[in-house]
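Reminder that position 456 of the sequence shown reads as 456 in the UniProt record's numbering, one-by-one numbering, no gaps.
Notes for the one structure printed next.
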Amino acid sequence: MSQKLIDEFHTRLEEPLILAITNEHDLENPQSFAEARGILLKLAQDPTEEEAAGFAAHGVNTDLRSCTTDSSTEPTSSHAAFQRGEERCGAGQSSSESCNHDDDAAGDDAIGNSRVDGLQSVPNDLSVATLVSMFPGLGLDQIRGALNRSAGDLPTAMDELLAVAYVEPAPKKVPAIDAFFKPEDENTPLSSKSKKKKKKKGKNAQGRSESVDEADLGEKAVNEILFISERLDIPYDMATEAYRENNCSQGATTVAILDDYISQGVEAQGKDETARLQNLQQEYKHVPLHYLSVIIQITGSVDGWLEEVARLVNKYFSVKAKGPLQIPYTLTPIEDEVESGLTPAKSTKGTKPTPKPVSYLSSASKNARESRAVLTKQVADYEAVRASAHASTLSSIKRGKSDPLYLAAASVYSERAREYSQKAREMRTQLAYQTVNERRTTDSIDLHGVTVNDGVQIALNATQSWYNGLGEYRAREAKKGFTIITGKGRHSQGGVSLMRRAIYPALCNAGWKVRDEGGKYIVEGRK
C-alpha cells in the first residue's frame, strides 16, 4: 500500500516524507489509508502553487531576467526588482508559461545573471546607500571611491569593499610631513656626547631608567636580548636591563651575567663535563676556564647553545685582549740604575709617593690588618643585604601587576642586590687570598677552605709568582717543584675533590708540567 502512495506522489513530494507519513498510519485499514492519502494531497498542493509563484528551494527566483522589466525605463532598488519579478510570475501563471524550473543548471545560471543585472541597474545614490548599510565599518569616501573605480558597477564595487573590509587591513594614511620623519636613533651611530644626553633624558622622576620598550631598541638589539635570555636562562626583563647597563654590548652583557652565576657557585660537575671543559679550553683559548665551566652547566645538553655562547664570550675576550695595556702604576728608574751613578735630585713640592707594582695574589695583603673574623662578618652582612634586596625585588614585581609604581621599586631593589652581590664576591675572594697567604710557604700553598673558582685563580697566580722568583736558573730550580695541596676529597660527592678536578686541567692548559701525588699536585716548570 505504501508503494502505491509513493508512485502517486513521488513527482511532487520527497520519498522520505511520504514514507514518514505512511509509517504513522495503518495502511491495511481503509480509513487510515484515506487519512494518510488526504495528508499527502494537502502537502502536494503547495509545491504546485509555489512553483507557479516562482518559489524555489534556494529562496531566489530562478528566471528573474525574463520576469523583470527594463530597469532603464523604471529605476528601482534591487529589492524592488526582485519583488516586481515575483509579481510577474504570480500564482495565475503556470510553470511552463514563464517560470520554467525543470532544469536546475539553467536555473542557477539564471540566478547569477539576474542578480548581476539587478545590481547593475541600481542608481548611484541608491548604490551608495546600499553599500553603506552593507559595510558600516568603512567610510563614505572609501565606498564612493570603490564605485568610481568600478564605473558604477555595484558587484565590482562590492568585491573590492569585501576585500578591504575582511581580507586586507585598511591602510593608514600618513600625513606628508610624517612620511619623511625618521627617528634619530634608527640606524644612526650616536656620538659619546649624544649617548650621555640620551642617558640623562632616560631618567624619570623616580630616579630610574624608563621602562623597557622594544620600540626604543632596534631589531638587532631585541634579537641579541632574546639570545641572552634564552641561552643563559634568565627572564627577558632582566636580560634587557643588563643589556642597557652594559652599553648595549652583547658580549659584555653575557660576561656580566656569567659573573653572577659564578658568584652563586655554579660550575660544571662530573667527569664527562671535565672532559668537555678541556676540549673547549683548547678551542676557545681566550675564555677563562671558570667561564667555560659555567657555560657548560647553564646550557646543559644543548650543544648548539654551548658553542654559540662560548664563541660569543671568546670574541669578547679576544677583542678586549687586543686593547691598550693598562698599567696602574708609574714606572720610574731605580736610583742604582742611573747611568751617571749620582742620586737624582728629588723635589719636595707636589710629589706623590710612587705606588709599587703588586701581584694579583698579594692584593689581599692590603687588608692584612683585618682579621679573618672581620672579613667573614662582612661577607655575611653583604650576603644578608643581597638576599633581602632580592626578596624585595620579587615581592615588588608581583605587586607591580596592580600598581606600576612597584615596578620602579623592583628596579631599585634589583640594582641594590646586584651591587651587594658584587661586594660579597670581592670580599669572599679577598678572604680566600688571606687564608691561603697565612698558610703559604716559599714552595707550597694549601687551598683548603676556599671555593673552587678562587682556588683555581690562586693556584695559577701563585705558580706564576713562584716561577718568576726562581731567578736566572729557573729551568733547573723548577725541578724542585712547587706543591699545591688540594686534598683527596674523601668527603666530597663521589669521593673526588672538586678542587682537584678543576686545578689539574687549569694548570695543564696554562702550560705547566704537573705531577699528581694523591692529595696534591707538584708543578715542575714549563712543558
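Even for Gly, the Cβ is constructed at its ideal location relative to N, Cα and C.
DSSP state of residue i mapped onto helix, strand, coil
i	result
Glu24	coil
Ile234	coil
Ser388	helix
Glu8	helix
Thr253	helix
Lys488	coil
Glu14	coil
Glu477	helix
Asp159	helix
Pro30	helix
Val319	helix
Glu267	coil
Lys285	coil
Leu119	Here the model assigns Leu119 a pLDDT of 45, short of 50, so the residue's position is not dependable and the matter cannot be decided.
Asn223	helix
Asn279	helix
Lys401	coil
Asp153	coil
Asn314	helix
Gly137	coil
Gly218	coil
Gly471	helix
Counterpart residues of residue i in DSSP-defined beta bridges
i	result
Phe482	Val523
Thr130	Bridge partners of Thr130: none, in fact.
Thr441	Ser444
Span separating the alpha-carbon of residue i from that of residue j
i	j	result
Pro505	Asn246	31 Å
Arg369	Gln434	Note that Arg369 scores a pLDDT of 45, beneath 50, so its modelled location is shaky and nothing firm can be said.
Glu307	Ala432	32 Å
Arg244	Thr254	12 Å
Thr22	Ala34	11 Å
Ser150	Asp159	10 Å
Ser2	Thr11	15 Å
Leu407	Lys401	8 Å
Asp237	Asn437	42 Å
Leu375	Gln281	34 Å
His448	Glu219	49 Å
Leu405	Ser392	14 Å
Gln457	Asp259	14 Å
Ile484	Ile234	37 Å
Leu498	Thr274	10 Å
Tyr382	Lys480	42 Å
His25	Asp125	59 Å
Gly519	Leu394	43 Å
Glu267	Val164	58 Å
Endpoints, beta strand (DSSP E) assigned at residue i
i	result
Asp516	512 to 516
Asp446	444 to 446
Residue i classed as buried or exposed, judged by whether at least 16 other C-beta atoms fall within 10 angstroms
i	result
Ser229	buried
Thr442	exposed
Pro328	Residue placement at Pro328 is flagged as unreliable, the pLDDT there being 45, under the threshold of 50; the coordinate-derived value follows with that caveat. Pro328 should be labelled exposed.
Gly137	exposed
Thr299	buried
Met134	exposed
Gln430	buried
Lys398	exposed
Ala410	buried
Asp454	buried
Asp403	exposed
Asn148	exposed
Glu472	exposed
Val379	buried
Gly525	buried
Tyr166	exposed
Arg501	buried
Val319	exposed
Glu15	exposed
Gln250	buried
Asp7	exposed
Glu241	buried
Opening and closing residue of the alpha helix (DSSP H) in which residue i lies
i	result
Arg416	405 to 438
His290	289 to 299
Arg501	498 to 509
Thr463	452 to 468
Leu147	140 to 149
Cβ-heavy atom distance, residue i to the ligand MN, below 7 Å
i	result
Gly251	This structure lacks the ligand MN; in fact it carries no ligand of any kind.
Min CB distance residue i to chain D below 8 Å
i	result
Asn437	Going by chain labels, chain D is absent from the structure shown, which holds only one protein chain.
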